[in-house]
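In this note's numbering, the protein residues as written are 1 to 1136.
Laid out in structure tokens, this is it:
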């Protein structure tokens, strides 16, 4: 089905209906066959022991757990060893009541239950009558003595109180020990040495992964690094990040990022709020330099405005039985952008036309029509000089987001919860240039990228008490993600109106209207975003059984997921045309070293365009849309064995199956060495062999050296398999055109990637040279799609003389996995008011995905200095052949320490420090191939996320009220802060092939400079680098490049310092209603946080070595991303 560009919402509904039928059918079959189980608990647990005054275990004691908010009660009895357990509890505070014959009853109030954590509660009964009850309050923090996972939990109070840029929950991930990278939208960073897309995102335990990238679906950035949809913070009960987990944890090796949403209770509760951020209460970016602006440009601060408003509301339908909860939030923002660029104004066109007229060359009617229609009228009055255009068009975005949740207690043994999240919005912003992904940016609003987005997430959970010792949780969920990308203005039909015929196989439909990518050297590009987008939907069913017997707490289960993805990335489908100024007679140099006949070389480039003299061009022709299905299944079993009262051993085994992507359309084509291009489902069973041996043993222990229970030594080891995302198979965008299985020249929907180059002879031009490349009206510029499954014209005459790029997946492709291990010590202080933990955390990655060119040119043994394709003899029509392999490795070692307090004199806080070193061959999962595909280990070095030192902190303090002064002024104050300090990430923009010949930081002060000619920081000394001498080195690439002495990722970029502060004052309106006024100040000390990471500064010979951007703007979140210039958010929030 072809998707019209105005049809994403319609297609989304059709797709959801189709896939929901399949998902529900799969759920029915699976429920009949297995008691499967989910991978990670999104709820919490209470474990404990019951002792008599002598310390002996009390068996058969009755234990009752009551949720204080809803009055829902669960009961159990202690085992023969006096142990009890309540598993999979909804979050909240609980009352634990224990009674046994011959003893006084005991009640413990306010026992907190947090996601993925076990609250350990020892209860000591006193001899007496059961009618007498002893009541105590639970400690705010306890040591978990029965599990091995590392948990970072942000409870609801801190979720609300902490200053949070853009109200984006994914930024909490950066507070997790072991996190490295930028803390902006979708937390694109590393956890404990894993890749950025190796985290498992969940909402209430349900899959929240966009399977295309394996990044968070809800709160994923759109065009920019600002969240495209938002989970309302007022709907979040708790944020949690689990790493180094037991056998229940799976799907991804880095950890589980889960948000648990609020529920209704017996009392109506809710909030109404408004947050406002604007220019008046902030500072402009340090790179805003009025002295560099052209005359007449505004010199005041660029406008910035961000608004969030919404509500939350919950309560009972039937008291103690049925509850409801609603939440809604809208975000709307406008961020002023500014930049200087050069546009082909009419004044410039007149200069170029004068060159054509001087040589008697007519203006191309195609160029004339494109120039009149593809550039906005705002260029009409610009002068004919470089940097003639000062852009002021803003980046804009909005989203509408809502949550509905229902909870029902059928009886004291069966509890049902159903929840829906829906978010939709749109963003319009410059795309942001990326050399790795072959994208560019534009200051023209016509060519901003527009990205509407729709995200839905559903969950139904049934908890059942099967007996006093056995419980069961069944979870069914669906996650849906839809996003499309296009130029902001894409309505012009170049085929009909400009007679620019691309290819007979390029559709002439509204979906393919818009500008081709026109690159006139010296001028700003137009036509940056062809039709692109995807729908992906994942359905899942999960079930877990918990059984408590003697000294053992057993859990068994598994999970089944089925993902459907429809992707339509028509990369370069509208063509790319470059006009360099080298083709016309106005070039008085050579084609490879052009020299313009006039002083301003832009005039010659524009003259080439107006004459239609194309330097080179490229296009992808054919139907690149693919619909694929991926199945996944896992089972696990675990035993928490309380060997002695002070020693717990956690044993587990997990099995994961991640199936290869497939479909029934038989249009997934891959290159197989020795067989040519094969079609999945028609001669090839799967694009790689199934992996059925993914067994993951897990082992951990928790030991209490003393009987006081305030010290625990904990350690663990496990193997963690990682499900690969989809786009490394489909749309990789490497630098050599072998893009993915969707672009192979075979199958029912082949794609041909064409390039054309024009190089006239010395002294000649396209005006007289017969083989020159000039586009002509009403003539196809490119050929139709060509089939070339064999890669050999002798076998398939349709191959012609073309050289095709091909894509391959190694038939022995394996699932990536990590060895994760840790050893730490945890100590509590002050009756659980504070907990300190310090320890070692390590990981080793194996079989990580790596893309390499298996047809990379090698030296020709017959002709010295010549390079040939290794597969040329068998496949003469194939050039680059990229193959996806599972051969990468990584290594991570870290010292991690945290200090947590909870309600200690009104202070709840967490401070963490990590020292770490992370190494690998390739970090990025897309857009990168090794420098030498035959020598991957030569690229082994610092990871892109090698961030050595990281300190983070969060603190919320409810200031005690004073007895002096009016109570309305001296009570109700809260101060909260979020701190982040860390070192920089490496920059490896040029990869290997560079010699380090001096001190890269020699003579560099790292001072920020703002002048009329340069604004930024000279980070490295560019004279410290040189290109290796090919006369004394062995070239490894066909263009003669050698390995140099500069190691991969050897040089790190700027560090990061940020202090955010929130101050709030609450007033009682009535006994139940409270108003809170709050001021949040981001980057309180206005530190200049420079861009860091791959591409952040010009590295290597010819590079500037300069940093000219902030970290927020570099990551697509100018002004409102973490670490951006000082700004203030004012808010009013009414709670009841």
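Glycine included, each C-beta is placed from N, C-alpha and C at the ideal position.
Taking the continuous beta strand (DSSP E) assigned at residue i, which residues delimit it?
i: residue 217; result: Counting along the chain, residue 217 falls outside any beta strand (DSSP E), and DSSP gives it neither H nor E.
i: residue 1073; result: Segment: none, residue 1073 is in no beta strand (DSSP E) and carries neither H nor E.
i: residue 461; result: 449 to 465
i: residue 498; result: First-last for residue 498: 494 to 498, but that is the alpha helix (DSSP H), not the beta strand (DSSP E).
i: residue 893; result: 878 to 904
i: residue 106; result: 105 to 113
i: residue 641; result: 626 to 644
Cα-Cα, which of the options is closest to residue i?
i: residue 321; options: 233, 260, 108, 413; result: 413
i: residue 826; options: 142, 908, 311; result: 142
i: residue 84; options: 65, 92, 69; result: 65
i: residue 729; options: 885, 782, 641; result: 885
i: residue 853; options: 961, 295, 930; result: 930
i: residue 820; options: 408, 499, 846; result: 846
i: residue 1129; options: 1088, 1083, 1111; result: 1083
i: residue 81; options: 48, 113, 88; result: 48
i: residue 478; options: 1069, 150, 561; result: 561
i: residue 1018; options: 533, 834, 1091; result: 1091
i: residue 238; options: 43, 998, 86, 447; result: 43
i: residue 954; options: 892, 808, 1061; result: 1061
i: residue 332; options: 166, 485, 871, 378; result: 166
i: residue 324; options: 268, 175, 74; result: 268
Check the C-beta distance from residue i over to residue j and give it rounded, since I have them as a contact under 8 Å.
i: residue 737; j: residue 805; result: 4 Å
i: residue 1147; j: residue 110; result: Outside the displayed span of the chain (1 to 1136) sits residue 1147, for which this structure offers no information.
i: residue 810; j: residue 874; result: Not a contact, Cβ separation roughly 18 Å.
i: residue 1110; j: residue 1089; result: 6 Å
i: residue 999; j: residue 1051; result: Residue 999 to residue 1051, Cβ: 11 Å. No contact.
i: residue 173; j: residue 241; result: 6 Å
i: residue 148; j: residue 716; result: 4 Å
Residue j and residue i - do their beta-carbons sit closer together than 9 Å?
i: residue 551; j: residue 79; result: yes
i: residue 526; j: residue 517; result: yes
i: residue 225; j: residue 1012; result: no
i: residue 691; j: residue 657; result: yes
i: residue 1066; j: residue 304; result: no
i: residue 612; j: residue 420; result: no
i: residue 680; j: residue 663; result: yes
i: residue 923; j: residue 177; result: no
i: residue 1036; j: residue 935; result: yes
i: residue 523; j: residue 396; result: no
i: residue 994; j: residue 1105; result: no
i: residue 1077; j: residue 996; result: no
i: residue 773; j: residue 617; result: yes
i: residue 628; j: residue 670; result: no
i: residue 529; j: residue 398; result: no
i: residue 786; j: residue 758; result: no
For the alpha helix (DSSP H) containing residue i, list its first residue and its last residue.
i: residue 158; result: 156 to 161
i: residue 602; result: 601 to 611
i: residue 365; result: 365 to 374
i: residue 352; result: 346 to 358
i: residue 1113; result: 1111 to 1114
i: residue 729; result: 727 to 730
i: residue 970; result: 967 to 970
Could you tell me if the beta carbon of residue i falls within a distance shorter than 8 Å of some heavy atom in the ligand GDP?
i: residue 456; result: Judged by which ligands are present, the structure shown has none, so any question about the ligand GDP falls away.
Is any beta-carbon of chain D found at less than 9 Å from that of residue i?
i: residue 691; result: Within the model displayed, chain D is absent; a lone protein chain is all it includes.
Checklist entry - Is it true that the segment 596 to 610 meets the segment 245 to 252, where meeting means three or more beta-carbon pairs spaced less than 8 Å apart? => result no
Item to check | Validate contact between the segment 833 to 840 and the segment 732 to 751 using beta carbons, cut 8 Å, 3 pairs | outcome: no
Checklist entry - Counting Cβ pairs closer than 8 Å, one from the segment 481 to 494 and one from the segment 503 to 520, do we hit at least three? => result yes
Checklist entry - Are at least three pairs of beta-carbons, each pair with one atom in the segment 256 to 275 and one in the segment 311 to 325, less than 8 Å apart? => result yes
Next on the checklist: If contact is defined by three or more beta carbon pairs under 8 Å, each pair taking one atom from either stretch, is the segment 465 to 472 in contact with the segment 534 to 548?
Outcome noted: yes
Item to check | the segment 450 to 457 in contact with the segment 344 to 360 per 3-pair CB rule at 8 Å | outcome: no
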